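When you line the sequence shown up against numbering that gives the first Met the number 0, it's residues 0 to 409, in that order.
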Amino acid sequence: MKPSAERKFNVGGILLPQPFKIRRLGHFGFNLVHMEEGVRFYTDILGFRVSDNNDFSRRATSPDQLAGLGDPKGYFTRYGTDHHALVLFNKRVRDALDTTGRFKPGITINQITWQVGSLQEVANAIKWFQEEGVQVQRSGRDMPGSNWHTYLYDPDGHTNELYYGMEQIGWNGHSKPTAMYHRGFHEPPELPQISEFDEVQQALNDKVDLLSGYRHIERLPPTYDVDGILLPRPFKIVRLGPLSFFVADIRAAELFYREHLGFILTEEISWHGERCLFLRANTEHHSLALYPISLREKLGLSPHTTCMALGLQLANYQQLRNAVRFLRELGVRVIDDMPQELHPGIDFAAHVFDPDGHCLQLYYYMEQVGWNGKPRPKELRPKVKPGEWPEVIDPMPDVYQGEPFLGPWG
Numbered sequence: 000m001k002p003s004a005e006r007k008f009n010v011g012g013i014l015l016p017q018p019f020k021i022r023r024l025g026h027f028g029f030n031l032v033h034m035e036e037g038v039r040f041y042t043d044i045l046g047f048r049v050s051d052n053n054d055f056s057r058r059a060t061s062p063d064q065l066a067g068l069g070d071p072k073g074y075f076t077r078y079g080t081d082h083h084a085l086v087l088f089n090k091r092v093r094d095a096l097d098t099t100g101r102f103k104p105g106i107t108i109n110q111i112t113w114q115v116g117s118l119q120e121v122a123n124a125i126k127w128f129q130e131e132g133v134q135v136q137r138s139g140r141d142m143p144g145s146n147w148h149t150y151l152y153d154p155d156g157h158t159n160e161l162y163y164g165m166e167q168i169g170w171n172g173h174s175k176p177t178a179m180y181h182r183g184f185h186e187p188p189e190l191p192q193i194s195e196f197d198e199v200q201q202a203l204n205d206k207v208d209l210l211s212g213y214r215h216i217e218r219l220p221p222t223y224d225v226d227g228i229l230l231p232r233p234f235k236i237v238r239l240g241p242l243s244f245f246v247a248d249i250r251a252a253e254l255f256y257r258e259h260l261g262f263i264l265t266e267e268i269s270w271h272g273e274r275c276l277f278l279r280a281n282t283e284h285h286s287l288a289l290y291p292i293s294l295r296e297k298l299g300l301s302p303h304t305t306c307m308a309l310g311l312q313l314a315n316y317q318q319l320r321n322a323v324r325f326l327r328e329l330g331v332r333v334i335d336d337m338p339q340e341l342h343p344g345i346d347f348a349a350h351v352f353d354p355d356g357h358c359l360q361l362y363y364y365m366e367q368v369g370w371n372g373k374p375r376p377k378e379l380r381p382k383v384k385p386g387e388w389p390e391v392i393d394p395m396p397d398v399y400q401g402e403p404f405l406g407p408w409g
């Protein structure tokens, strides 16, 4: 159903077409076949830290149900203070436990999760989706992570999540203790709810050990001088996204993400005669890129997944160059000849592949869109020669702008 163009919603005193406003890509998930290798790749090599795990074997109806399928745990990982930015689940385990057909064949994206501005926005979204006939999977508040949320499908069966209030992991690196998980919800919550601060105070009053939560331990020594900080790898991930994926019907996907989720079309290109769309939620050129599924084979990407690429922004151009060299030395597949027109708004980019064959887009710069809503004209964008990595480059007017990374790198 197409939302009414005339209806407006009060979102914090601003009238908007949806009763919420997406601010950013908050976290993302992959279902992996090569689970053990994948966890090592994302943690030891790329630098995500495990914040918690969830043992899915507890959901099995018998010990034989998951026998021989590998590690049954799901891993919640982070690059900053958000409890999780990337979740990694065992695809074979999830498939064995999936009695409702949640994940369609060819979908290895576990979730695409967008942050909105308040708990009220989440509650209003749940009600509105139901009114509009949008299928809601479930709503509530999951532990670990503590974020209030609702889940829904896009036309291709990708799971999207809107959330507010992600748990923050501070200077000591400990996640929230399991003794505080009683504040999880499996249905839309009644409003108002007590604050996170008051939840912590209640835990202190109940003598909960706040240092009993999970804490990640690095397995590799910090041998690289990364702009003055010793780290186990010569780069630091500072931002998640954009997300790029393939869809069966580009028009249906466009309508869903623009009219139901409120994304703004920044740019459209034609590649091999096919429409490719770049949409944004904030000032970045794009948070989301949609490509027709027919382009997947032409690009030489894995046929097992609809994920075209998950973007990971590094702190600067020098770190991007260092990352390319570091990953190649470790035997990771890296390509730097992806057609530049397929990632407008990003100049230098390297595409690397995890053990399952998922593509990750490493970059350092994202074009920013200002008050007039117009992207930079194509002729004013830098031309990058595939495979060439100059030692230094000239700055773009908006270099080092956009969403900043908060806190220390390590």
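Glycine included, every Cβ here is placed at the ideal spot set by N, Cα and C.
Bear in mind the structure is a predicted one, so any value in this text is a computation, not a measurement.
{"Asked": "Assigned secondary structure, V121 (DSSP; H/G/I helix, E/B strand, else coil)", "Found": "helix"}
{"Asked": "Per DSSP, the bridge partner or partners of Y150", "Found": "R137, E160"}
{"Asked": "Beta strand (DSSP E) segment containing R274, residue limits", "Found": "273-279"}
{"Asked": "Cβ shell of T222 (< 8 Å), same chain only, five flanking positions each side left out", "Found": "L229, P231"}
{"Asked": "Buried versus exposed call for Q312 [16 or more other C-beta atoms within 10 Å across all chains shown]", "Found": "buried"}
{"Asked": "Where L172 sits in the DSSP three-state scheme", "Found": "Sequence check: residue 172 is Gly here, not Leu. In the structure shown, G172 sits in coil (DSSP, three-state: anything other than H, G, I, E or B)."}
{"Asked": "Status (buried if at least 16 other CB within 10 Å, exposed otherwise) for I21", "Found": "buried"}
{"Asked": "Coil, strand or helix - Q192 by DSSP", "Found": "coil"}
{"Asked": "Delimiting residues of the alpha helix (DSSP H) encompassing Y316", "Found": "316-328"}
{"Asked": "Beta-carbon proximity of G172 to R327, cut-off 9 Å", "Found": "no"}
{"Asked": "M395 to S117 span [Cα, whole Å]", "Found": "34 Å"}
{"Asked": "Bridge partners - F352, DSSP secondary structure assignment", "Found": "C358"}
{"Asked": "N-terminal and C-terminal residue of the alpha helix (DSSP H) that K297 is part of", "Found": "294-297"}
{"Asked": "Through-space distance from Y150 to C275, alpha-carbon basis", "Found": "26 Å"}
{"Asked": "Residue interval of the beta strand (DSSP E) (run including I249)", "Found": "I249 -> not in any beta strand (DSSP E); alpha helix (DSSP H) instead, spanning 249-254."}
{"Asked": "Secondary structure of H215, DSSP reduced to three states", "Found": "coil"}
{"Asked": "Among D224, H181, R214, nearest to R205 - alpha-carbon criterion", "Found": "The amino acid at residue 205 is misidentified as Arg; the sequence shows Asp. It is H181."}
{"Asked": "Three-way DSSP call (helix, strand, coil) for Y180 in this model", "Found": "helix"}
{"Asked": "Within 9 Å, strictly: CB atoms of F40 and N109", "Found": "no"}
{"Asked": "Contacting residues, own chain, Cβ-Cβ under 8 Å from F262 (five flanking each side not counted)", "Found": "I21, Y256, L278, R279, A280, S286, L287"}
{"Asked": "Residue from M142, N146, I125 with nearest C-alpha to Q136", "Found": "I125"}
{"Asked": "Touching by the beta-carbon criterion (3+ pairs, under 8 Å), the stretch 346-365 and the stretch 288-304", "Found": "yes"}
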